[in-house]
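Chemist: Handing you this structure, nothing more for now.
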Amino acid sequence: MARTSQVAPLGDMDPFAPNPAHPVRVRARNMPADTHFEPHRHAWGQLAYCASGVIQVSVVAPVAPTAYIVPPSRAVWIAPGALHAIAVLEAAAFRTLYIDPGVVPADGAVCRVMAVTPLLRELVSALDPVGGTPPGPAREAALTALVLDEIGKAERLALGVPLPGADSDKRLRALCQAVLDAPGRHATLHDWATDSGASERTLARLFHAQFGMGFAQWRRQAVLAHALPRLARGESVGQVATASGYASESAFSAMFKAAMGQPPSWFIGRNDAHGPPSA
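When we follow this note's numbering, the leftmost residue of the sequence shown carries the number 18, and every step to the right adds one.
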């Protein structure tokens with residue numbers, strides 16, 4: 018049965034708005050799959066991640082459009098004022114940290130993917146204890162300082178799928194959407210060009226002009242975006258490799274580990290931040 022997409026309201030933001038007295042605020046929500054938030058922006062910085070599940074964060078403006086897939090071990094930093102939308106790919110325990118503009122990291126104007134350390138996960142839980150007592154002022158200040166330090170020192174990851182803007186060449190937009198829908202359909206730009214109505218040379222030029230990278234590098238990002246939710250759902254590495262257009266499981270695994278820092282088998286069934294569900 019096909020899933021039904023549903024738009025989630027942003028809700029009352031006032032209780033979660035950060036300020037100099039409370040520069041880090043945590044908002045926790047459990048979201049079913051296929052829930053999405055329409056494009057919106059905040060005056061503050063935002064760190065979005067999942068304690069479980071998988072989400073997609075699409076940053077629309079003022080930077081070039083980019084889609085980020087976020088499993089539990091990763092987070093997306095959303096710069097203050099950035100227009101963004103969120104879609105839940107797998108039922109998620111969604112965690113959002115709102116960061117006052119006065120304390121955002123030095124490079125906080127740049128949206129990026131970062132690794133979520135075990136310490137950061139525990140700090141977030143301590144700031145927003147589910148069913149527990151909120152920390153007092155002194156403890157909140159100490160936890161906040163550690164959260165900001167962890168964010169500032171977090172490993173940055175070259176993940177995210179750049180997307181063509183609405184005013185981009187329609188052939189490029191059509192090709193990018195086709196690859197995102199089914200990255201395993203073709204492996205080379207030559208084969209994709211046969212379906213697109215444009216020459217391979219023209220498409221290669223469009224990719225470099227739009228994204229500053231070649232098609233192969235862009236497609237790898239699209240493959241990762243396609244593969245992560247499938248692995249989280251429990252599909253085997255072989256199944257995901259085939260669906261991603263790789264002739265061998267080993268070649269897919271090598272690409273995946275180079276990008277993610279972990280082999281694809283590590284993400285199988287890993288819909289929570291602490292490991293795969295037990296049998």
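Beta carbons: idealized from backbone N, C-alpha and C, even for Gly.
(1) Mind checking which residues open and close the beta strand (DSSP E) that includes P56?
(2) Under 8 angstroms between the Cβ atoms of A81 and V74?
(3) Rounding to the nearest angstrom, what Cα-Cα distance links D145 and V43 in this structure?
(4) Quick one: what's got a C-beta closer than 8 angstroms to R237's C-beta in the same chain, skipping five residues either side?
(5) Starting from E114, trace the alpha helix (DSSP H) in both directions and tell me its first and last residue.
(6) Are the Cβ atoms of V76 and H101 separated by less than 8 angstroms?
(7) Which term fits Q314, buried or exposed, when burial requires 16 or more other beta carbons within 10 angstroms of its beta carbon?
(8) My assumption, with CB atoms under 8 angstroms, is that C193 sits in contact with L180. Please give the rounded CB distance.
(9) Mind checking which residues open and close the beta strand (DSSP E) that includes A78?
(10) When burial is assigned at 16 or more other CB atoms within 10 Å of the CB, is D208 buried or exposed?
(11) Tell me where the beta strand (DSSP E) around M131 begins and ends.
(12) For P40, collect the residues of the same chain with a Cβ closer than 8 angstroms to its Cβ; drop the 5 residues on either side in sequence, then sort them by chain order.
(13) Please classify I168: does DSSP put it in a helix, a strand, or coil?
(14) State the start and end residues of the unbroken alpha helix (DSSP H) segment that holds T6.
(15) Which of the three DSSP states, helix, strand or coil, is assigned to A159?
(16) So is G48 buried or exposed if we call it buried at 16+ other beta carbons inside 10 Å?
(17) Nearest by alpha-carbon distance to A38: which of G169, A195 and A155 is it?
Modeler: The answer reads as follows:
(1) Along the sequence shown, read from residue 1 onward, the residue named residue 56 stands at position 39. That run of the beta strand (DSSP E) goes T52 to H57.
(2) The residue labelled residue 81 in the question sits at position 64 within the sequence shown. The residue labelled residue 74 in the question sits at position 57 within the sequence shown. Contact: no.
(3) Taking the sequence shown and counting its residues from 1, one reaches residue 145 at position 128. Taking the sequence shown and counting its residues from 1, one reaches residue 43 at position 26. Each residue's Cα considered, the two are about 6 angstroms apart.
(4) Start at 1 with the first residue of the sequence shown, and residue 237 comes out as number 220. These residues qualify, in order along the chain: M272 and A276.
(5) Counted from its first residue, the sequence shown places residue 114 at position 97. Before going further, note that residue 114 is Leu rather than Glu in the sequence given. No alpha helix (DSSP H) holds L114; the beta strand (DSSP E) holding it covers L100 to I116.
(6) As a working mapping, residue 76 is identified with position 59 in the sequence shown. As a working mapping, residue 101 is identified with position 84 in the sequence shown. Their beta carbons are under 8 angstroms apart, which means V76 touches H101 by this criterion.
(7) Here the chain covers residues 18 to 296 and nothing more, so residue 314 does not appear.
(8) In the sequence shown, the residue the question calls residue 193 occupies position 176. In the sequence shown, the residue the question calls residue 180 occupies position 163. About 6 angstroms; that satisfies the 8 angstroms criterion.
(9) Numbered from 1 along the sequence shown, position 61 holds the residue referred to as residue 78. Segment G62 to A78, the beta strand (DSSP E) holding A78.
(10) Reading the sequence shown from its first residue, position 191 is the one you call residue 208. Answer is exposed; the Cβ neighbour count stays below 16.
(11) In the sequence shown, the residue the question calls residue 131 occupies position 114. Where M131 is concerned, the enclosing beta strand (DSSP E) stretches over R129 to A132.
(12) Position 23 of the sequence shown, counting from 1, holds the residue named residue 40. I116, D117, G119, V120, T161 and L165.
(13) Numbered from its first residue, the sequence shown carries residue 168 at position 151. I168 falls in the helix class under three-state DSSP.
(14) The question about residue 6 has no answer here: the residues shown for the chain are numbered 18 through 296.
(15) In the sequence shown, counting from the first residue as 1, residue 159 sits at position 142. Collapsing the DSSP output to three states places A159 in a helix.
(16) Taking the sequence shown and counting its residues from 1, the one referred to as residue 48 is at position 31. In the sequence on display, residue 48 carries Met and not Gly. Result: buried.
(17) Within the sequence shown, the letter at position 21 stands for residue 38. Checked all of G169, A195 and A155; the closest Cα to A38 is A155.
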